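J.: Taken in order, these protein sequences are the chains called A and B. Numbers 1 to 254, taken from the working numbering, label the letters of the first sequence in order. Numbers 255 to 508, taken from the working numbering, label the letters of the second sequence in order. Please find one structure pasted underneath; my questions will follow.
There are 2 protein chains.
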Amino acid sequence: MKPLILVTNDDGIVAPGIRNLVEVAAKFGEVVVVAPDKPQSGQGHAITLNQPLRLRQVDVFEGIEAYECSGTPVDCVKLAKNVLLKNRNIDLCVSGINHGSNASINIIYSGTMSAAMEASLEGINSIGFSLLDFSFQADFTAAKHFAQILVRGVLERGMISCKLLNVNIPKGEIKDIKGIRVCKQGEGNWVEEFQEGSDPRGEKYYWLTGKFVIMDENPLADIRNLEEKYVTVVPSGHDLTIYPAIEELKHLEV
Amino acid sequence: MKPLILVTNDDGIVAPGIRNLVEVAAKFGEVVVVAPDKPQSGQGHAITLNQPLRLRQVDVFEGIEAYECSGTPVDCVKLAKNVLLKNRNIDLCVSGINHGSNASINIIYSGTMSAAMEASLEGINSIGFSLLDFSFQADFTAAKHFAQILVRGVLERGMISCKLLNVNIPKGEIKDIKGIRVCKQGEGNWVEEFQEGSDPRGEKYYWLTGKFVIMDENPLADIRNLEEKYVTVVPSGHDLTIYPAIEELKHLEV
Chain A
1 MKPLILVTND DGIVAPGIRN LVEVAAKFGE VVVVAPDKPQ SGQGHAITLN QPLRLRQVDV
61 FEGIEAYECS GTPVDCVKLA KNVLLKNRNI DLCVSGINHG SNASINIIYS GTMSAAMEAS
121 LEGINSIGFS LLDFSFQADF TAAKHFAQIL VRGVLERGMI SCKLLNVNIP KGEIKDIKGI
181 RVCKQGEGNW VEEFQEGSDP RGEKYYWLTG KFVIMDENPL ADIRNLEEKY VTVVPSGHDL
241 TIYPAIEELK HLEV
Chain B
255 MKPLILVTND DGIVAPGIRN LVEVAAKFGE VVVVAPDKPQ SGQGHAITLN QPLRLRQVDV
315 FEGIEAYECS GTPVDCVKLA KNVLLKNRNI DLCVSGINHG SNASINIIYS GTMSAAMEAS
375 LEGINSIGFS LLDFSFQADF TAAKHFAQIL VRGVLERGMI SCKLLNVNIP KGEIKDIKGI
435 RVCKQGEGNW VEEFQEGSDP RGEKYYWLTG KFVIMDENPL ADIRNLEEKY VTVVPSGHDL
495 TIYPAIEELK HLEV
């Protein structure tokens, strides 16, 4: 039987990245798409608690069952798993292809990765894909090529101690990219600036901007390998505990 | 010099929990509050990219400098660190006191914890507090008592290998609570149900609900200790890498 593959993203169902990912997924199995009806970048692991969600079947990808959802990327996965595909076994969830980097600490802010993580929490093997190119005209040829290799690898071999992969693909043609490397989440940070301005009514506003700074010399760091033009794959989980600190902080116990 | 303490939350600046936390913080240092102007539960690590943010000084806590922000909890911390307190050293960030549990996997969905995590990413020692009582009339006496012990402990002793604590406080009076335990993030999961209905126009909607299921027998799991009426403290970070899987997945490299 063909595997059932759920496709989602955070840029919205009409973004170019998800069309490319649907094309990859359709080579391997039956595809169902549930994606936000508007861009949801930077939504992190947000869920919608205070209002109802809408789900609407749409005709966006020829011959593919697809739904747009009024909620966040995580909402999309929850609705797919618990409503649309309630009695079916989802073999793989793929999210993206996002524009921009989800490497390093960006995994925390990324709606793309949060959707994939939500699926992994539900026990589904999941891969989030991101291409380091913000342009609407971005060339997805290399991203599709490597996504296909990784989807095949995970479907054929499975995963043992992890259910979630954070995949980032450098900008460039296939020939420019050196290969795929399994990495760790690199240490880096955003140095934030806020653009300050006044609106037409003279009220002050602040608009988030910033610069990413790499702070990791480890050769396994995803951000280092991306700079060297490798596709990076970081096996990821959801346990944030810093285990050595449990002993260190015993003095807080009463 | 008195320590500078940033207070934030995700329930909004007029929620009862933050007033209680401001009172605790004010015992130890100079307090600045920057909190959302509306409830932001379940916002995870969402940030606002596509619109400007507003910041407005408000008179909510007597004698305390306070600002409401139009953005998410993470936006509040970014604005506090990079605009309001740009040239000052923030000694501690406390977030909460949230209503409901941030234990186990809930750390991922929690705006309270995301605000605290954002501060930790900026190098600031941070504590997120949550009281396991959803009622607006919740009694914060015990929560304040234990928050005070923990704030003092962190200010006096600092932290070594971690910058973020996830603190959950059981419902009940001080005498009902057995003490404070440093724990690991417990394994658990939401079994989701969606309430389905029709709106006044006859259009179908889905509303998220669900039941939390504990799946962790480890005596160090926060959710187990909360059930036994301990305040739980989980030293937390931001590295999601599953290190053993790096070797396991080498077959994906090309």
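Yeah, the Cβ is synthetic: ideal placement off N, Cα and C, and Gly gets one too. As the structure is a prediction and not an experimental result, all values here were calculated from the model.
Return the CA-CA distance between T232/A and I434/B, expressed in angstroms with no decimal places.
T.: Locating residue 232/A in the first sequence gives position 232, where the first residue counts as 1. Locating residue 434/B in the second sequence gives position 180, where the first residue counts as 1. Looking at the two C-alpha atoms, the distance is approximately 41 Å.
J.: If the criterion is Cβ atoms closer than 8 Å, does the pair I259/B and V312/B meet it?
T.: Taking the first residue of the second sequence as 1, we reach residue 259/B at position 5. Taking the first residue of the second sequence as 1, we reach residue 312/B at position 58. No, the Cβ-Cβ distance between I259/B and V312/B is not below 8 Å.
J.: With respect to the alpha helix (DSSP H) encompassing I107/A, which residues constitute its N-terminal and C-terminal limits?
T.: In the first sequence, counting from the first residue as 1, residue 107/A sits at position 107. That run of the alpha helix (DSSP H) goes 106-109.
J.: I'd like to know whether the C-beta atoms of Q148/A and K229/A end up nearer to each other than 8 Å.
T.: Position 148 of the first sequence, counted from the start, is the residue given in the question as residue 148/A. Position 229 of the first sequence, counted from the start, is the residue given in the question as residue 229/A. It is not a contact, given that the beta carbons lie outside the stated cut-off.
J.: Please report the straight-line C-alpha distance between E441/B and M469/B, rounded to a whole angstrom.
T.: Working through the second sequence from its first residue, we reach residue 441/B at position 187. Working through the second sequence from its first residue, we reach residue 469/B at position 215. Roughly 5 Å separates the two Cα atoms.
J.: Cβ closer than 8 Å: which chain E residues qualify as neighbours of Q43/A?
T.: The chain labelled as chain E is not found among the protein chains of the depicted structure, namely A and B.
J.: Measuring CB atoms only, is the stretch 93-110 of chain A touching the stretch 128-148 of chain A, in the sense that at least three cross pairs come out at less than 8 Å?
T.: Touching, per the Cβ criterion.
J.: Counting pairs of beta carbons, one from the stretch 361-376 of chain B and one from the stretch 295-315 of chain B, are three or more of them closer than 8 Å?
T.: They touch, by the three-pair rule.
J.: Report back the beta-carbon spacing between I246/A and L474/B to the nearest angstrom; my notes put them in contact at under 8 Å.
T.: By one-based count along the first sequence, residue 246/A stands at place 246. By one-based count along the second sequence, residue 474/B stands at place 220. Their Cβ separation, rounded to whole angstroms, is 7 Å, which keeps I246/A and L474/B in contact under 8 Å.
J.: Let me see if you follow: with CB-CB separation under 8 Å, is Y460/B close to chain A or not?
T.: The count along the second sequence starts at 1 and reaches residue 460/B at position 206. Chain A, which has a Cβ nearer than 8 Å to the Cβ of Y460/B, makes this yes.
J.: For the stretch 210-242 of chain A, which residues have a beta carbon sitting closer than 8 Å to at least one beta carbon of chain B?
T.: Cβ contacts with chain B: L220, V233, V234, P235, S236, G237, H238, D239, L240, T241, I242.
J.: Give me whichever residues DSSP pairs with C347/B in a beta bridge.
T.: Position 93 of the second sequence, counted from the first residue, corresponds to residue 347/B. Paired residues: L260/B, S380/B.
J.: For I107/A and chain B, any beta-carbon pair shorter than 8 Å?
T.: As a position in the first sequence, residue 107/A is number 107, starting the count at 1. It does; some Cβ of chain B falls within 8 Å.
J.: Over what stretch of residues does the beta strand (DSSP E) that includes G464/B continue unbroken?
T.: Sequence index remark: in the second sequence, residue 464/B carries index 210 (1-based). 458-468 is the extent of the beta strand (DSSP E) around G464/B.
J.: Once you ignore the five residues that flank I107/A on each side, which residues in its own chain have a CB closer than 6 Å to its CB?
T.: As a first step, residue 107/A is located in the first sequence; it is residue number 107 there, counting from the start. M113, N166.
J.: If the cut is a Cβ gap below 9 Å, which residues of chain B does K184/A touch?
T.: Taking the first sequence and counting its residues from 1, one reaches residue 184/A at position 184. Those within 9 Å of K184/A in chain B are D493, T495, Y497, I500.
J.: Quick check on V337/B - is its C-beta less than 8 Å from some C-beta in chain A?
T.: Position 83 of the second sequence, counting from 1, holds the residue named residue 337/B. Yes, its Cβ sits closer than 8 Å to a Cβ of chain A.
J.: Rank T262/B, G407/B, W461/B by C-alpha distance to the C-alpha of T326/B and give the top, closest one.
T.: Working through the second sequence from its first residue, we reach residue 326/B at position 72. Considering only alpha carbons, the answer is T262/B.
J.: Interface residues of chain B around H251/A at Cβ under 8 Å?
T.: Locating residue 251/A in the first sequence gives position 251, counting from the first residue. Chain B residues near H251/A: G407, R411.
J.: Output the residue ranges of the beta strand (DSSP E) runs that lie fully inside the stretch 467-506 of chain B and measure 3 residues or longer, sorted by chain position.
T.: You should have 484-490.
J.: Quick check on DSSP: helix, strand or coil for F508/B?
T.: Position 254 of the second sequence, counted from the first residue, corresponds to residue 508/B. In the sequence on display, residue 508/B carries Val and not Phe. In this structure, V508/B counts as coil in the three-state DSSP scheme.
J.: Quick one: which residues of the stretch 117-140 of chain A get their C-beta closer than 7 Å to a C-beta of chain B? List them in chain order.
T.: Cβ contacts with chain B: L121.
J.: Distance check for E376/B and E322/B, CA to CA, integer angstroms please.
T.: The residue given as residue 322/B occupies position 68 in the second sequence. The residue given as residue 376/B occupies position 122 in the second sequence. Roughly 21 Å between the two C-alpha positions.
J.: Which partner residues of R435/B appear in the DSSP bridge assignment?
T.: Position 181 of the second sequence, counting from 1, holds the residue named residue 435/B. Bridge partners of R435/B: T486/B.
J.: Inspect the CB distances between the stretch 423-432 of chain B and the stretch 391-411 of chain B and report whether three or more fall short of 8 Å.
T.: Yes: the two stretches touch, three or more of their Cβ pairs being nearer than 8 Å.
J.: Among T495/B, W444/B, C416/B, which residue has its Cα nearest to the Cα of C488/B?
T.: Counting from 1 along the second sequence, the entry for residue 488/B is found at position 234. The amino acid occupying residue 488/B in the given sequence is Val; Cys does not appear at that position. The candidate whose alpha carbon is nearest that of V488/B is C416/B.
J.: Since L79/A and V32/A are thought to touch, with beta carbons under 8 Å apart, how far apart are those beta carbons, to the nearest angstrom?
T.: Stepping through the first sequence from its first residue, residue 79/A is reached at position 79. Stepping through the first sequence from its first residue, residue 32/A is reached at position 32. Their Cβ separation, rounded to whole angstroms, is 11 Å, which puts L79/A and V32/A out of contact at 8 Å.
J.: Would K281/B pass as an interface residue toward chain A - the criterion being a Cβ-Cβ separation below 8 Å?
T.: Residue mapping note: residue 281/B aligns to position 27 of the second sequence, counting from 1. False, the Cβ-Cβ gap to chain A never drops below 8 Å.
J.: Is the shortest distance between the beta-carbon of V254/A and the beta-carbons of chain B less than 8 Å?
T.: On the first sequence, residue 254/A is found 254 positions in, with the first residue counted as 1. V254/A counts as touching chain B.
J.: CA-CA distance, C437/B and L226/A?
T.: On the second sequence, position 183 is the one that residue 437/B refers to. On the first sequence, position 226 is the one that residue 226/A refers to. Those two C-alpha atoms are separated by around 35 Å.
J.: Figure out for me which residue from S110/A, Y109/A, E118/A, I105/A has the closest Cα to the Cα of I90/A.
T.: Taking the first sequence and counting its residues from 1, one reaches residue 90/A at position 90. Cα-wise, what sits closest to I90/A is E118/A.
J.: Nearest to L55/A by alpha carbon, out of N189/A, H238/A, V83/A, G153/A?
T.: On the first sequence, position 55 is the one that residue 55/A refers to. Among N189/A, H238/A, V83/A, G153/A, the Cα nearest to that of L55/A is on V83/A.
J.: Under the three-state reduction of DSSP, which class applies to V278/B: helix, strand or coil?
T.: Residue numbering aside, residue 278/B sits at position 24 when the second sequence is read from its first letter. Note: V278/B maps to helix in three-state DSSP.
J.: Give the range of the beta strand (DSSP E) segment to which P290/B is assigned.
T.: Working through the second sequence from its first residue, we reach residue 290/B at position 36. Segment 284-290, the beta strand (DSSP E) holding P290/B.
J.: Does the CB of R181/A have a neighbour CB from chain B at under 8 Å?
T.: Here residue 181/A corresponds to residue number 181 of the first sequence, with the count starting at 1. R181/A counts as touching chain B.
J.: What is the DSSP secondary structure of A392/B, counted as helix, strand or coil?
T.: Here residue 392/B is taken as the residue at index 138 of the second sequence, counted from 1. Coil.
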